[in-house]
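Novice: Residue 255 in this note's numbering sits at position 48 of the sequence shown; the count goes up by one each step and never skips. We put the CB at the ideal spot given by N, CA and C, even for glycine.
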Amino acid sequence: MKTVYTLLFCFGFLFSCAQKEINKEDITNEENVKKVTNIYNEVKRYDYNPTYTLHIEKAANFSFEALINDFPVFEEYNPRIMSGSKPINHAILKSGKQKLTIRMTPPVDKEYNMGHEIDMGNIALKLSINYGEYVLEKVNEFKEALRYELPAQKGKLPYYEVNLEFDAIAPYENDIEGWQNGADLTKEDKDKLLKEVEAFYKELIEYYNTKDVNALAFKYYKKQFEMEQAHYVTKMYESQMVVDAWVKDVNELAPFVFDQYMLRFYGRGKMVALVKTDKYYINLSTLMREDPQSGKSIEYKMFLYRPKPGAPLEVIR
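(1) Considering only their Cβ atoms, is the gap separating V240 from A390 smaller than 8 Å?
(2) Going by alpha carbons, who is nearest to V464 out of N245, K345, G502?
(3) Going by other Cβ atoms of all chains shown within 10 Å of its Cβ, with 16 needed for buried, is P279 buried or exposed?
(4) Would you kindly check if the distance between the Cβ of V522 and the Cβ of K429 is under 8 Å?
(5) Under the assumption that K333 contacts K265 (Cβ atoms under 8 Å), give the Cβ distance between them as a whole number of angstroms.
(6) Kindly identify the DSSP beta-bridge partner or partners of A331.
(7) Just how far apart, CA to CA, sit I263 and S335?
(8) Quick check: D456 and Y415, are their CB atoms within less than 8 Å of each other?
(9) So if DSSP puts G303 in a beta bridge, which residue, or which two residues, is it bridged to?
(10) Output yes or no for whether 8 Å exceeds the beta carbon distance between Y439 and N256.
(11) Relative to the alpha-carbon of R475, which residue among K394, S292, D451 has its alpha-carbon at the smallest distance?
(12) Around the Cβ of T244, are there at least 16 other Cβ atoms within 10 angstroms (buried) or fewer (exposed)?
(13) Is the distance from the Cβ of F271 to the Cβ of M321 below 8 Å?
(14) Please determine, among L481, V450, I505, the residue with the shortest C-alpha to C-alpha distance to I229.
(15) Ordered along the chain, which non-local residues of its own chain (more than five positions away) have a Cβ less than 7 Å from that of F349?
(16) Which residues mark the beginning and the end of the beta strand (DSSP E) in which F349 is found?
(17) Out of E435, I376, R524, W453, which one is the CA nearest neighbour of E232?
(18) Excluding sequence positions up to five away, which residues of its chain have a Cβ less than 8 Å from the Cβ of D183?
(19) Would you check if the stretch 277–293 and the stretch 366–376 touch, i.e. whether three or more CB-CB distances between them fall below 8 Å?
(20) What residue does the beta strand (DSSP E) around E282 start on, and which one ends it?
(21) Assuming A480 contacts R471 (C-beta within less than 8 Å), just tell me the rounded distance between them.
(22) With C-beta atoms as the reference, is M478 less than 8 Å away from F432?
(23) Counting C-beta neighbours from all protein chains within 10 Å, is the total for N388 16 or more, i.e. buried, or is it exposed?
(24) Can you list, in chain order, the residues of its chain with a C-beta nearer than 6 Å to that of E253? Leave out the 5 residues immediately preceding and following it.
(25) Going by DSSP, which residues form a beta bridge with L364?
(26) Under 8 Å between the Cβ atoms of S302 and E380?
(27) Nearest CA to the CA of N329: which residue from K483, E238, P313?
(28) Please confirm whether Y408 and L343 have their CB atoms less than 8 Å apart.
(29) Express the C-alpha separation of L357 and I325 in angstroms, rounding to a whole number.
(30) In chain order, what residues of the same chain have a beta carbon less than 6 Å from the beta carbon of R513, not counting five sequence neighbours either side?
(31) Name the DSSP beta bridge partners of M289, please?
(32) Within 10 angstroms of its Cβ, does M434 collect 16 or more other Cβ (buried), or is it exposed?
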C-alpha cells in the first residue's frame, strides 16, 4: 500500500544532494522569502468572508476525481469507502454559478489495479458544499450551497460523470486573477509545451535539491498570494508557516521520482500539469518524492499557466 502526503498550500534521474540542513534563520532575510512571509499584510478582508468547503460524506465502490470549475480539489483511488472535506475557495474565482464535476472510474483492488467497469448498482455517492464565516459563525450554523445524493443506478459502466452547479460569493474576485485570463494552452504545439513544462519541473526539482528556498519563494509567490487571499489569511504565523514547510521540504532526503507521467490540461485549457500515470499514483502530481524503503511519498501540487500568449509559464496553483 502506498502512502501519499499532499502539500496543497505550500508547496528517477535526480537525487537529493548531500548538503547541510538549512534552518529558517538561514534564509529569513532573503528577498523572496521576506515577500512570502509578509503576504498576510497584503490580504484584504471584506464585509463578508465566506469559506466554502466540499464534503464527500460517502463515496463507495468507485474511484473518483472531484473538480471545481475544472480544477481538481479531491482525488481518491484508495480501495475503501471514503469520506472527507476540502476547502475550495481557491478554485472559485468569481461570484455566481460554479461547476462541480465528479469523474467516476472503476474501483481499484488492494494492489491498485483498476477494474474495467463500475458496478452502478453497488455504488454510493453523497456530498455537500457548505459555507460560512469562521469565527463569526459556528460551523453548525453554516449554510448549504449544495447537497447531492446519487440516485439508485443499474448496470455496469466504464466511466460515469456527475455535473452539478452551485452559487458562491467570491468577495476577493477583484483582488486575484487566477488562470481565467491566461492563454489557451490546448491551442499550442503539444510537443513544445511538454518540453517547456518538463523543463519547469526539472528547474523546481533542482531548487529543492540545492535547498534554494529563495528561488522556490519566487516561483510560488503568485500562487501563495492568491491562496492566502482566497482563504483570508491575515495572521503573521500563517504566512510564515509556508516558509517553515519549504525548509522542511528542502531538507527532505527522499529522492524525487520524475517518471511515468503525462501532460494534462485543467481550467478549461488555461492550466497544465504533469500527472502520474502509474497505478499507484494515477493523476497525482509528478512533482513527487518517494522513500524507496518505506514507499511513503510526498506530492507537491503544482499547476502552471501562461499569463498571455508568448509569456513564460508561471505557477498559479
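Specialist: Taking the geometry as given:
(1) no
(2) G502
(3) Buried, by the Cβ-count rule.
(4) yes
(5) 5 Å
(6) A267
(7) Computed Cα separation, rounded: 7 Å.
(8) Yes, the Cβ-Cβ distance between D456 and Y415 is below 8 Å.
(9) DSSP lists A375 as the bridge partner or partners of G303.
(10) yes
(11) K394
(12) buried
(13) Against a cut-off of 8 Å, the Cβ pair of M321 and F271 comes out as no contact.
(14) Scanning L481, V450, I505 for the CA closest to the CA of I229 turns up V450.
(15) The residues are N337, Y338, G339.
(16) No beta strand (DSSP E) holds F349; DSSP gives it neither H nor E.
(17) W453
(18) This structure gives no information on residue 183, because the portion of the chain shown stretches from 208 to 524.
(19) no
(20) 278–283
(21) 6 Å
(22) In this structure, F432 does not lie closer than 8 Å to M478 by Cβ.
(23) With fewer than 16 other Cβ atoms from the protein chains shown falling within 10 Å of its own Cβ, N388 counts as exposed.
(24) Reading off the sequence, residue 253 comes out as Tyr, not Glu. Close CB contacts of Y253 within its chain, under the 6 Å cut and outside five residues either way in sequence, are with P378 (chain order).
(25) I325
(26) The answer is yes: Cβ separation under 8 Å.
(27) P313
(28) no
(29) 14 Å
(30) Correct list, in chain order: G389, A390, L520.
(31) A266
(32) buried
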